[in-house]
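Protein chains in written order, with our numbering: chain D, 1127 to 1476; chain C, 1127 to 1476; chain B, 1127 to 1476; chain W, 1127 to 1476. Ideal Cβ positions, reconstructed from N, Cα and C, are used throughout, including at glycine. A quick write-up on the structure given underneath.
There are 4 protein chains.
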Amino acid sequence: MLRLDSDYMAGAHPEVLAALTATNLERTTGYGTDPYCESARRLVLDACFPEGGRQHSDARVYFLEGGTQANSTVIAGLLAPHEGVLAADTGHIACHESGAIEATGHKVLTLPGADGKISAHLIDEAVAAFRADPSRDHTVAPGAVYLSQPTELGTIYTLAELEAISAVCRREGMPLFVDGARLAYALASPANDVTLPDLARLADVFYIGGTKCGALMGEAVVIPNPSILRHFTPLIKQRGGLLAKGRLLGVMFQALFTDGLYERVGANGIALAALLREALRARGYEEAAPSPTNQLFFTIPNDELEELSHIVTFEVWGAPGDHYTTVRFVTDWALTRDDIEPMLAFLAAR
Amino acid sequence: MLRLDSDYMAGAHPEVLAALTATNLERTTGYGTDPYCESARRLVLDACFPEGGRQHSDARVYFLEGGTQANSTVIAGLLAPHEGVLAADTGHIACHESGAIEATGHKVLTLPGADGKISAHLIDEAVAAFRADPSRDHTVAPGAVYLSQPTELGTIYTLAELEAISAVCRREGMPLFVDGARLAYALASPANDVTLPDLARLADVFYIGGTKCGALMGEAVVIPNPSILRHFTPLIKQRGGLLAKGRLLGVMFQALFTDGLYERVGANGIALAALLREALRARGYEEAAPSPTNQLFFTIPNDELEELSHIVTFEVWGAPGDHYTTVRFVTDWALTRDDIEPMLAFLAAR
Amino acid sequence: MLRLDSDYMAGAHPEVLAALTATNLERTTGYGTDPYCESARRLVLDACFPEGGRQHSDARVYFLEGGTQANSTVIAGLLAPHEGVLAADTGHIACHESGAIEATGHKVLTLPGADGKISAHLIDEAVAAFRADPSRDHTVAPGAVYLSQPTELGTIYTLAELEAISAVCRREGMPLFVDGARLAYALASPANDVTLPDLARLADVFYIGGTKCGALMGEAVVIPNPSILRHFTPLIKQRGGLLAKGRLLGVMFQALFTDGLYERVGANGIALAALLREALRARGYEEAAPSPTNQLFFTIPNDELEELSHIVTFEVWGAPGDHYTTVRFVTDWALTRDDIEPMLAFLAAR
Amino acid sequence: MLRLDSDYMAGAHPEVLAALTATNLERTTGYGTDPYCESARRLVLDACFPEGGRQHSDARVYFLEGGTQANSTVIAGLLAPHEGVLAADTGHIACHESGAIEATGHKVLTLPGADGKISAHLIDEAVAAFRADPSRDHTVAPGAVYLSQPTELGTIYTLAELEAISAVCRREGMPLFVDGARLAYALASPANDVTLPDLARLADVFYIGGTKCGALMGEAVVIPNPSILRHFTPLIKQRGGLLAKGRLLGVMFQALFTDGLYERVGANGIALAALLREALRARGYEEAAPSPTNQLFFTIPNDELEELSHIVTFEVWGAPGDHYTTVRFVTDWALTRDDIEPMLAFLAAR
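Below you can see the structure in the form of structure tokens.
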């Protein structure tokens, strides 16, 4: 059975696992103070600040175990107690993290995103409405902006869109935080024009996803200007995210940023998604979200979906009518062309 | 250099790593819903409830990534908003978790432990003092009891002590939570008379440590009577501790509870600690805590410690005078007799 | 200038102030343990449970200083850590309390209310959607229901509507919490068919507003079945709401529940609102919310509003176009027919 | 019966009540935006910054309803998420606020106070220990200092002591917060050499107590340099402390700072305490804390205490043996010489 429910279904990329195996019995200090984390941080910074210089030496990289942990720890660190975070109404922190942001004491202020994306205009409007509200002391102040690249619907922000969002955020003194849980698949998409250096220039905090992009687990949080989030290590510890054997994350990110592995991870997911997208479109199914990345959302007649369910697993996303279901198929670094062949064959048949 | 700073310095036990490698490219569902977690839960329950029956089928096992995460998530789940948790003043939650318990809104109510241990009597006194306080509505109510087996000083509770503590807790309706981050080393100590079935009978929640006992990371939280902590999964998710690739923890605990590996892990740490303890005593150093497990606390003249520091790393624990330092040496599953030989030789020399 | 911005603009009803003055130099114990609080509790219970009996003796009444404090303290007490509270999107806790609920760690789950009201059907749908969600462990569970009587738009729930909502809540084991900050004005409305005994029967927690209904400050929180919210006093203290001179609230609520004062307070606000409503309608202004209580929402041409603003103050509620503004006028116990005469005259003129 | 349990037993000073009565039916805007609060703020600033100038115009004054509310709101506003607050182990926030600080997510880091007081030296040591701790990222960082003037034991800090504490705090960048719930009684003590301008110069935040010093309720929080605590109003609202009829606090503090009332309030409490202290000492009872203010702590033989309990109420503070009890007597603005006469007579008898 082909399993396309999500991109966290397999273990680690073989090169990542090999790195873990090779270093397994070494003894290092804990909590991210080891040489592997140090080396991985440097590799991540090299990718984000290829020109080196002051930015490269000022910026900080922290490794956390997972996305919800990264999101709630970063946001709790960025906000003052009276502030909330702006996010798309489909944003992961708004929908799928069991109230993790609220558990840190902060409200998620949702914006009506389009295809999972917010915009400089929506942020602008929200800030203006807050400013104009005579009872704004009784309202939650927008204190930071959260977005995902790619979004929960697989769509991506263009460079122009991110430039505009970043400009509003800086004008308003609101940090911009980019959740890159699936960043490898955005970077590898032919539709993408946003590079790691762009993110490092435009975001105030962002993370490079490992869990869904070839590692067993782990996200690399990059803070270009660390004055925005001082004392992050005790915050990670306090929120339960400081891995005792922190070097595992260093070893894995070192592997991901060696020999272009992070690019290869993304490229594999994107290539297989492209094949499936083509086949689903050719079959005449309607695309429910214009995703150019590794998540595909299609609306499929229920009888055909039933047949499909014998060869592939997926997530149900909604039911736009009695006879149709919208589902999500997700590809990743671990799948091969052979793996998806039965599904391509099914779609081509008739 | 021999590294004895802590027991989280190496990766995973080779049998654990082999299990991860063997299953690496399989695709399973996430967040602990996979067959490996299912199997590991059964193995853990078999060890805790060897007679099976109702208790075996009622009890629940959850896998979390680390100790601070397990402590704060469990305690936040056990306490009502007005309650705090009783713990030794040397308890890990009181000292070394960056205020993780307070970050969930609860006070740690410290008791003056002896050698890292609290007692039924101390708990009794604290509850009685709270009850007798005419302004107890202005005081934090003790709502649960936390202790570690072994403690942060390597000492262990006897069965009689745990029986007494458990009895007080049940009389008072306060759940007893046992932190077993290093449980393998307590279970393997010749001084120990507390078994896993004893813990499962006497504690209301406890965990079986993986991070320090052979796994890359992970703790198995056992809840004998799950009515005490319903809806634990969303709480784990909310606190950022629900591993997307949850099956990793299942695979690792399955390995740890196969072929007696958890016992072997503990036995290795205990055997090497016994050799070192003997040598340190023979050398005439004073033992700073009567630890029968894998942590050794000795007070050493500074000039000799300086020499030692050329062959072994350790943690400094305190300075009971200008010429002496108390240090901690920790053994674990990953060390061999050969590894510690230079230190034994140094101690025997003169 | 006539001030109709809100119903908290004057001090206390003269009978309430007289009671405070008469008892001012008495010395009593603090924090609500005094005889005045005891007496006021009994009077409140007499009004809620006129038939006495078990319910009268079981129920509990607590006095808190204000509405946001009551809302956040009650809701924090009712919810488990993983739960959120259902409320109308116009609900006070969702909009105008600076994120007080989120500051206690819980999400406000908003429902698309109509005229400020939610319904049994909307609650039902929300619960069903949560139940049906395969990833509900990653979603915030609805754990309680919040509504206001009257609502923030002045509308009121009918007895039938409340019966239906209460039935859903009990079926689902979700406590129903009714915010009665302006309850006097609901009770006095000719459109109302919900009595205090009805509320005591249908709600699990509710409060009888004092701040906006004749007291200097204070809300009487009624808990018909106290097992739902044990240990409420330390929670009030912890959240900063336990007035040292708690007897002030007892003295004031004793006065409000003596000689039908609470009814008279409501009746005055309602009678004056009726006169103004009639005059505003007669003038041809459109009613923006069908409020039968003491808040009036009307859409007024900007040029006429400019003229009105010379004789009356109000709150701006919105701007449904370039030439119109929706405003709110609020009456209360402290205004007289003479006070509003200039406004009536203005409206009748032309 | 003479009631000396505490200083919150009577209502408001007659001049304060007269001010409330005189303004009762006026209609003003809410939440502290009214002219009375404005005027009271100016009077408070005049008392704190008699020389006017930049400090007078920069400083901010906020009125909150009570002490626990002020403490938890200020401290939550001052601390970063990973920080805790240093306080005496007898400090009100450590002992008698039901975990209010912890409920905002922060640990109270206690120092072993002497007679209720901490010192520059103790703070220095705590900071040095934190700095020297190699695992300080796992420890709660001291982020602010809390002390009470007078303390919970009635003792007061000298100007030299406060200067030293303030100097350490500024050197370390830790705000100093002074709880002045009973400040009138410190200011009026003949032993005192700390003025309001001294506090305004040495503390970063402090409050001038109203609840125990002549008002029905209320504390005036003074923030000399408001950059330390921006956006305090939404924080007060969020924590439930923003009184709708905020003008009540303005009216009361206006009265307290008119015609030297705040001084008279303090002087009355101090004068009566002096008489009682003298009589208790003359009787031969041992003073349990060297309090020069309005709280008296004496250790009394149980048989004599039993007799005393027929004419006066008090709080029991401890039992330093089977035959003795330590109790607290508290005087205030509302008592007269006539009120305490029976107790003086009893003590003089024999």
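The Cβ atoms of residue 1330(B) and residue 1351(B) lie closer than 8 Å to each other.
By the Cβ neighbour-count rule, residue 1183(W) is exposed, with fewer than 16 other Cβ atoms within 10 Å of its own.
Here the C-alpha atom of residue 1162(W) lies approximately 6 Å from the C-alpha atom of residue 1373(W). Residue 1421(D) sits in a strand when the DSSP states are folded into three classes. Between the alpha carbons of residue 1197(C) and residue 1332(C) lies a distance of about 10 Å. Between residue 1214(D) and residue 1242(D), the C-beta spacing is below 8 Å. Secondary structure at residue 1358(B): helix, using DSSP grouped into helix, strand and coil.
Just measuring C-alpha positions, the residue of 1137(C), 1324(C), 1305(C) sitting nearest residue 1177(C) is 1324(C). Chain W places a beta carbon closer than 8 Å to that of residue 1203(D), counting this residue as a contact. One alpha carbon belongs to residue 1314(W), the other to residue 1389(W), and they sit about 7 Å apart.
By the rule that beta-carbons nearer than 8 Å mark a contact, residue 1338(B) does not touch chain D. It is roughly 7 Å from the alpha-carbon of residue 1128(B) to the alpha-carbon of residue 1465(B). Fully enclosed alpha helix (DSSP H) runs of no fewer than 4 residues occupy 1309-1313, 1322-1328 of the stretch 1295-1332 of chain B, in order along the chain. A residue is called buried when at least 16 other Cβ atoms come within 10 angstroms of its Cβ; residue 1316(B) does not meet this threshold and is exposed. Per DSSP, the unbroken alpha helix (DSSP H) holding residue 1471(D) starts and ends at 1463-1474. When DSSP states are grouped into helix, strand and coil, residue 1210(D) belongs to the strand group. Look at residue 1243(B): its C-beta is not under 8 Å from any C-beta on chain C. Residue pairing by DSSP puts residue 1455(B) in a beta bridge opposite 1422(B).
Taking C-alpha positions only, residue 1169(D) is separated from residue 1377(D) by approximately 11 Å.
Excluding five sequence positions before and after residue 1248(W), the CB atoms of its chain that fall closer than 6 Å to its own CB belong to 1237, given in chain order.
Judged by their CB atoms, residue 1401(B) and residue 1470(B) are nearer to each other than the 8 Å cut-off.
In the three-state DSSP reduction, residue 1363(W) falls in the helix class (H, G or I). Taking C-beta atoms as the reference points, residue 1414(C) and residue 1424(C) count as a pair closer than 8 Å.
Residue 1407(D) is bridged by DSSP to nothing; it lacks a bridge partner.
In the three-state reduction of the DSSP assignment, residue 1167(B) falls in the helix class. The DSSP-derived three-state label of residue 1440(C) is coil.
With respect to the 8 Å criterion, residue 1211(C) and residue 1346(C) are not classified as neighbours on the basis of their beta carbons. Residue pairing of residue 1335(B) in beta bridges, as defined by DSSP: 1345(B). When beta bridges are read from the DSSP output, residue 1271(D) appears opposite 1212(D), 1302(D). For residue 1379(D), the enclosing alpha helix (DSSP H) starts and ends at 1373-1382. DSSP places residue 1236(C) within a strand segment (E or B) once states are collapsed to three. Here residue 1292(B) is buried. Its C-beta has 16 or more other C-beta atoms within 10 Å. A straight-line Cα-Cα distance of about 56 Å links residue 1379(C) and residue 1258(D). At a C-beta separation below 8 Å, residue 1133(D) has no neighbours in chain W, since its nearest C-beta there lies roughly 31 Å away. Close to chain C, meaning a Cβ-Cβ distance shorter than 8 Å, are the following residues of the stretch 1337-1363 of chain D: 1337, 1338, 1342, 1343, 1360, 1361, 1363. In the DSSP annotation of this structure, residue 1266(W) is not part of any alpha helix (DSSP H), being labelled neither H nor E.
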